[in-house]
Each structure stands twice: as structure tokens, then as C-alpha cells.
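Numbering (our numbering), first residue to last: 9 to 110.
1. Just list the residues that DSSP pairs residue 82 with in beta bridges.
2. Compute the beta-carbon to beta-carbon distance between residue 91 and residue 69, rounded to the nearest angstrom, for a pair I have assumed lies under 8 Å.
3. Along the chain, where does the beta strand (DSSP E) that runs through residue 63 open and close?
4. Nearest by alpha-carbon distance to residue 77: which of 102, 45 and 88 is it?
5. Using only CA atoms, which one of 108, 96 and 85 lies nearest to residue 23?
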């Protein structure tokens with residue numbers, strides 16, 4: 009998301025795509041939670057995505073690429089202990105963005 013507009017969405021091979029309602033829930037959660045912005049770094053928290061599974065939580069790794077512009081990255085996992093793995097993925101994504109001059 010950047011400036012209120014979706015930029016990109018991707019899912020792992022074989023993983024189901026997110027429903028648009030769940031994307032809106034994620035965006036609202038991230039943009040409405042002040043603790044996720046600024047110097048928070050990367051945050052790992054449970055989220056319920058009702059269209060995906062209303063009876064369970066996924067774990068969201070949230071990191072802002074550019075907080076003033078509202079550009080952020082959300083990585084999702086079903087595993088509650090996936091923080092280290094998702095943090096590594098975030099580092100790779102941020103490095104690729106920096107190498108591309110973004």
C-alpha cells in the first residue's frame with residue numbers, strides 16, 4: 009500500500025490468495041495502529057482475517073518501508089514462531105528495494 013493505493017500483493021507458491029476483504033482488514037489494522045509506525049521497526053502480531061479463516065489467527069510481520077508516505081510490507085504466516093524467518097525475508101525485500109533505488 010502506498011498513499012492509500014494498493015501497490016502489490018503476492019502469495020507463496022500453492023498458498024491461497026487473500027480475499028479483498030482481508031486485504032482491507034490488514035490495511036486498516038496497520039494504518040490505524042500507531043505503534044506499528046515510525047521507530048517500531050518490524051512488528052510481529054496475530055491477526056484474524058475473516059474471509060481466510062474466521063476461527064483462527066495468522067501471524068503478521070509488519071514493517072514500514074516509508075512511514076511518512078504510508079508504504080509498508082506485511083508478511084503472513086500460520087506459524088506463531090515464524091518471526092525470525094519473516095524478519096529475514098523482510099531484510100531481503102528491503103535490500104532488493106534499496107538495490108533497485110526504491
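Even glycine gets a Cβ: it sits at the ideal position worked out from N, Cα and C.
Quick answer:
1. As a position in the chain shown, residue 82 is number 74, starting the count at 1. Beta-bridge pairing links residue 82 to 70.
2. Here residue 91 is taken as the residue at index 83 of the chain shown, counted from 1. Here residue 69 is taken as the residue at index 61 of the chain shown, counted from 1. Confirmed, Cβ separation roughly 7 Å.
3. As a first step, residue 63 is located in the chain shown; it is residue number 55 there, counting from the start. Residue 63 -> no beta strand (DSSP E), and no H or E assigned at all.
4. What you label residue 77 is simply residue 69 of the chain shown in a count that begins at 1. Measuring from the Cα of residue 77, the nearest candidate turns out to be 45.
5. As a position in the chain shown, residue 23 is number 15, starting the count at 1. Selected option, being the one with the closest Cα: 85.
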